[in-house]
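Chains as they are written, first to last, in numbering that gives the first Met the number 0: chain A, 0 to 281; chain B, 0 to 382. Each residue gets a CB set at the ideal place from its N, CA and C atoms; glycine is no exception. Here the structure is a predicted model, which means the values were calculated and not measured. Here is the structure we will look at.
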Amino acid sequence: MPKMKMEDYLIEKKLPFFWCAGCGDGIVLSSILKSFANLGYDRKNTVVVTGIGCWGKADDYINTHTFHGTHGRALAFATGIKLANPKLNVIVLMGDGDGATIGGNHLIHAARRNVDITAILVNNFNYGMTGGQYSGTTPEESYTITSRYGHIEPSFDLCNLVEAAGAPYVARGSVYHVVQLQKFIEEGLQKKGFSFIEVISTCPTHFGRLNGMKKAPDIMRWIKDNSVSIAAAEKLSPEELEKKFVLGKFADRDIPDYSTKYQAIIDKCTAKAAKGGVTIER
Amino acid sequence: MKGSNKVRFMQGNEAMAEGAFAAGARFYAGYPITPSSEIAEISARRLPQLGGVYVQMEDELGSMAAIIGASAAGKKSFTATSGPGFSLMQENLGVAVMAEVPCVIINVQRSGPSTGLATKPAQGDFMQSRWGTHGDHGIIVISPSTVEDCYYLMIKAFNFSEKYRTPVVFLADEIIGHLQERVVINDIDPEDIVTRELPSCDPEDYKPFEIGESGIAPLAYYGSEYIVRLTSSTHDESGYSNSKPENADKFIRHYTDKIEKNKKDITIVRKYNLEDADYAIITFGCTTRSALEAVEILKAEGKKVGILQLVTLWPFADDEVLEVCNQVKGVVVPELNLGQLIREVERVNKKNIPIVGVNKVNSLSIHPNEIIDKIREVEKCQR
Ligand SMILES: Cc1ncc(C[n+]2csc(CCOP(=O)(O)OP(=O)(O)O)c2C)c(N)n1
Ligand code: SF4
Numbered sequence: 000m001p002k003m004k005m006e007d008y009l010i011e012k013k014l015p016f017f018w019c020a021g022c023g024d025g026i027v028l029s030s031i032l033k034s035f036a037n038l039g040y041d042r043k044n045t046v047v048v049t050g051i052g053c054w055g056k057a058d059d060y061i062n063t064h065t066f067h068g069t070h071g072r073a074l075a076f077a078t079g080i081k082l083a084n085p086k087l088n089v090i091v092l093m094g095d096g097d098g099a100t101i102g103g104n105h106l107i108h109a110a111r112r113n114v115d116i117t118a119i120l121v122n123n124f125n126y127g128m129t130g131g132q133y134s135g136t137t138p139e140e141s142y143t144i145t146s147r148y149g150h151i152e153p154s155f156d157l158c159n160l161v162e163a164a165g166a167p168y169v170a171r172g173s174v175y176h177v178v179q180l181q182k183f184i185e186e187g188l189q190k191k192g193f194s195f196i197e198v199i200s201t202c203p204t205h206f207g208r209l210n211g212m213k214k215a216p217d218i219m220r221w222i223k224d225n226s227v228s229i230a231a232a233e234k235l236s237p238e239e240l241e242k243k244f245v246l247g248k249f250a251d252r253d254i255p256d257y258s259t260k261y262q263a264i265i266d267k268c269t270a271k272a273a274k275g276g277v278t279i280e281r
Numbered sequence: 000m001k002g003s004n005k006v007r008f009m010q011g012n013e014a015m016a017e018g019a020f021a022a023g024a025r026f027y028a029g030y031p032i033t034p035s036s037e038i039a040e041i042s043a044r045r046l047p048q049l050g051g052v053y054v055q056m057e058d059e060l061g062s063m064a065a066i067i068g069a070s071a072a073g074k075k076s077f078t079a080t081s082g083p084g085f086s087l088m089q090e091n092l093g094v095a096v097m098a099e100v101p102c103v104i105i106n107v108q109r110s111g112p113s114t115g116l117a118t119k120p121a122q123g124d125f126m127q128s129r130w131g132t133h134g135d136h137g138i139i140v141i142s143p144s145t146v147e148d149c150y151y152l153m154i155k156a157f158n159f160s161e162k163y164r165t166p167v168v169f170l171a172d173e174i175i176g177h178l179q180e181r182v183v184i185n186d187i188d189p190e191d192i193v194t195r196e197l198p199s200c201d202p203e204d205y206k207p208f209e210i211g212e213s214g215i216a217p218l219a220y221y222g223s224e225y226i227v228r229l230t231s232s233t234h235d236e237s238g239y240s241n242s243k244p245e246n247a248d249k250f251i252r253h254y255t256d257k258i259e260k261n262k263k264d265i266t267i268v269r270k271y272n273l274e275d276a277d278y279a280i281i282t283f284g285c286t287t288r289s290a291l292e293a294v295e296i297l298k299a300e301g302k303k304v305g306i307l308q309l310v311t312l313w314p315f316a317d318d319e320v321l322e323v324c325n326q327v328k329g330v331v332v333p334e335l336n337l338g339q340l341i342r343e344v345e346r347v348n349k350k351n352i353p354i355v356g357v358n359k360v361n362s363l364s365i366h367p368n369e370i371i372d373k374i375r376e377v378e379k380c381q382r
């Protein structure tokens with residue numbers, strides 16, 4: 000296999016990106032494509048599945064098989080793809096609105112079912128695409144176009160949620176900590192079973208603007224200043240942790256994935272059938 | 000069809016599942032709901048025996064999504080649902096239209112709206128099956144009236160789906176789904192099984208939405224040599240999103256045209272006693288059975304009444320319905336809804352003849368006498 004480069008997976012004729020200046024989406028995309036290159040992914044054996052949102056447009060730039068589905072359902076499309084052909088590398092890209100709000104049910108069930116896919120959720124704390132409304136991850140007391148008096152709903156800790164749902168690999172990175180982010184993505188891609196990587200990201204156009212961080216560097220600084228490692232977080236009180244982003248790996252465990260278990264059932268059934276134990280009625 | 004016949008006593012739902020397997024279906028995703036659940040139960044047991052996959056999803060949105068994904072990855076795929084579940088599938092059914100991914104959706108109709116008279120028979124989804132997902136599109140809808148139909152028409156449903164790269168709705172109803180009947184199962188000639196056209200061009204030149212000679216774009220599958228880009232967004236030939244008006248116009252028209260232009264191939268109707276009929280009953284699904292009874296009784300009285308049964312509900316059999324309207328003095332349309340099929344019959348009819356419905360939504364099936372009464376009413380209009 001010749002050594003692959005990030006550009007091998009990028010559709011250059013589609014550049015420049017549709018995303019705003021200072022949007023974190025481009026950073027995450029380049030981490031993913033570099034990871035594909037480092038792992039020598041075969042484009043023809045790889046399917047990228049996206050949802051709907053600014054981040055959901057990433058497939059426009061990716062030179063593998065792609066499926067651009069409906070808002071919130073990317074994991075369900077991906078489940079069908081992976082179960083139909085377990086040999087494929089299946090990567091799912093979702094926003095926080097997409098993957099954790101409208102699609103929250105699919106997220107917990109995909110984690111529980113342990114389908115061997117890698118889900119990369121870009122959390123910019125709002126619905127960028129539709130103008131900056133609040134999502135299930137918008138921090139309490141922050142401002143969005145639909146929480147003008149301060150948001151009163153608590154937000155999800157997605158890594159906690161997905162870990163509790165049973166995913167073998169769960170990590171949180173950020174667009175500021177790109178080296179760590181890429182490591183998580185590469186580990187997630189290599190992990191057999193459901194891998195979930197949450198990426199703390201920027202939407203200067205909406206979330207930043209309404210929260211006093213109009214310029215991209217302001218919002219990057221906010222992420223940098225408020226990020227703590229899991230080890231450092233253990234020393235902080237719950238109050239101190241409230242507005243922090245805890246970055247690191249929350250789960251890395253071996254659990255048999257769905258397709259492996261299902262194949263065992265197929266093997267058992269077809270072996271029985273061959274011996275005449277099961278009548279395959281026609 | 001050739002080879003050995005096997006006589007079996009089967010339930011409609013079972014015959015639908017077995018018909019799907021005979022058609023080559025090897026992937027089922029669904030969410031249980033009466034009166035369709037037997038299809039899930041049988042698929043869960045049978046698919047691993049055939050090397051296929053059954054997965055029970057968290058809801059019907061997910062089920063519809065999963066069968067589209069699996070089909071794109073190369074497995075003929077289907078789901079089964081009813082009432083509320085069919086409503087939940089509508090958004091992603093549109094994805095199958097837009098991305099042109101073959102799949103079959105069984106809807107064993109039950110009474111609505113909403114949870115309704117849960118699990119009781121109805122035919123209230125006639126229009127929903129055509130127009131349920133938003134936006135202009137074409138779709139194929141097939142409706143069985145016997146258990147044998149459940150088996151053989153299911154094979155046709157998959158064949159149409161593969162041939163025209165389209166979702167096909169198999170619109171059954173509780174009566175047919177739960178009916179037990181004798182079925183003769185023939186070996187299926189492999190030539191009677193259609194599988195989607197694969198590309199034969201150089202992989203570098205492949206465009207997943209480039210309409211080929213057949214009028215349909217060849218569809219490669221994920222994992223093949225051909226890079227496949229599928230999308231729910233308006234797109235160009237290559238599958239890149241494209242919002243240019245002329246591009247949108249071309250593709251949105253294509254979704255309707257590819258079905259309408261092939262109406263001759265897709266339309267299946269059955270005619271009973273129509274040759275010299277004075278009156279006609281136009282039916283689909285379970286009401287066909289009541290109509291057949293009614294016609295026998297009327298025949299004994301010397302009355303000439305025939306039946307036009309629509310097996311293909313959509314695209315609508317305009318020509319066949321028009322021909323019948325032109326021939327007879329009156330038409331009766333029995334349906335377990337408040338008048339959905341009758342609107343189409345009225346639309347097609349050009350003559351000044353009475354067209355009257357027999358409509359029931361109280362969970363009970365239509366008795367032949369109710370049809371006979373209407374025929375007598377229509378007769379009176381003539382005097
Ligand atoms: C069923 C449905 N509801 C609503 C929408 C409108 N919509 C499109 S994108 C989006 C939110 C996207 O937010 P997120 O997933 O966080 O992604 P981002 O744009 O921030 O990257 C919404 C509500 C839709 N496309 N489909
Ligand atoms: S609106 Fe926000 S999320 Fe969307 S591209 Fe702009 S910065 Fe990125």
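Item, Value
"Neighbouring residues, chain B, relative to residue 113 of chain A (Cβ below 7 Å)", "None at all; the shortest Cβ gap to chain B is about 12 Å."
"Candidates B/233, B/238, B/82, of which the one nearest residue 244 of chain B by Cα", "B/233"
"8 Å Cβ cutoff, residue 273 of chain A in contact with chain B", "no"
"Contact list for residue 292 of chain A against chain B, beta-carbon separation under 8 Å", "Summary: the structure shown does not reach residue 292 of chain A, with chain A confined to residues 0 through 281, and so no result is reported for it."
"Residues near residue 161 of chain A by beta carbon distance below 6 Å, same chain, minus five either side", "110, 169, 195"
"Neighbouring residues (CB closer than 5 Å to any heavy atom of ligand 2)", "A/18, A/19, A/22, A/53, A/127, A/202, A/204"
"Status (buried if at least 16 other CB within 10 Å, exposed otherwise) for residue 1 of chain B", "Confidence in residue 1 of chain B is poor, its pLDDT being 47 and thus under 50, which makes the residue's placement unreliable; the coordinate value appears in the next sentence. Residue 1 of chain B should be labelled exposed."
"Closer than 8 Å to chain B by CB, residue 84 of chain A", "yes"
"Cβ shell of residue 328 of chain B (< 7 Å), same chain only, five flanking positions each side left out", "277, 278, 352, 381"
"Test: residue 251 of chain B CB closer than 8 Å to a CB of chain A", "no"
"Residues near residue 219 of chain A by beta carbon distance below 7 Å, same chain, minus five either side", "175, 201"
"beta-carbon residue 384 of chain B near ligand 1 non-hydrogen atom, thresh 7 Å", "The structure shown has nothing for residue 384 of chain B, since chain B only spans 0 to 382."
"Identity of the residues DSSP links to residue 250 of chain A by a beta bridge", "A/169"
"Beta-carbon gap between residue 59 of chain B and residue 41 of chain B smaller than 8 Å", "no"
"Under 8 Å between C-beta atoms of residue 123 of chain A and residue 206 of chain A", "yes"
"Distance cut-off 7 Å: residue 51 of chain A Cβ against heavy atoms of ligand 1", "yes"
"Cβ-Cβ distance between residue 46 of chain A and residue 221 of chain B below 8 Å", "yes"
"Closer than 7 Å: residue 67 of chain A CB and nearest ligand 1 heavy atom", "no"
"Straight-line Cα distance separating residue 137 of chain B from residue 257 of chain B", "8 Å"
"In DSSP terms, what residue 313 of chain B is bridged to", "B/140"
"Identity of the residue in A/36, A/77, A/25 nearest residue 4 of chain A by Cα", "A/36"
"Contacts that residue 265 of chain A makes with chain B (C-beta to C-beta distance below 7 Å)", "47, 50"
"CA-to-CA distance, residue 307 of chain B to residue 357 of chain B, given in whole angstroms", "15 Å"
"Three CB pairs or more closer than 8 Å across the stretch 83–95 of chain B and the stretch 292–304 of chain B", "no"
"Alpha-carbon to alpha-carbon, residue 262 of chain A and residue 281 of chain A", "Reliability of the predicted coordinates at residue 281 of chain A is poor, the pLDDT of 37 falling under 50, and no value is obtained from them."
"Cβ of residue 116 of chain A within 8 Å of any chain B Cβ", "no"
"Interface residues of chain A facing residue 56 of chain B [CB-CB closer than 8 Å]", "75, 78, 108"
"Chain B within 8 Å of residue 279 of chain A, Cβ atoms only", "Reliability of the predicted coordinates at residue 279 of chain A is poor, the pLDDT of 45 falling under 50, and the value obtained from them is presented with this limitation in mind. So yes, residue 279 of chain A belongs to the interface."
"Residues that residue 59 of chain A contacts on chain B, provided the C-beta gap is smaller than 7 Å", "239, 240"
"Bridge-paired residues (DSSP) for residue 148 of chain A", "Per DSSP, none; premise fails for residue 148 of chain A."
"Span separating the alpha-carbon of residue 154 of chain B from that of residue 194 of chain B", "11 Å"
"Straight-line gap, residue 81 of chain A to residue 13 of chain A (C-alpha atoms, nearest Å)", "27 Å"
"Rounded Cβ spacing between residue 362 of chain B and residue 110 of chain B (contact assumed at less than 8 Å)", "6 Å"
"Sequence-distant residues of the same chain with beta carbon closer than 6 Å to residue 141 of chain A, five excluded per side", "150, 210"
"Chain A contact residues for residue 230 of chain B, given Cβ-Cβ distances below 7 Å", "67"
"Alpha helix (DSSP H) segment containing residue 197 of chain A, residue limits", "Per DSSP, residue 197 of chain A belongs to no alpha helix (DSSP H); it is in the beta strand (DSSP E), 194–199."
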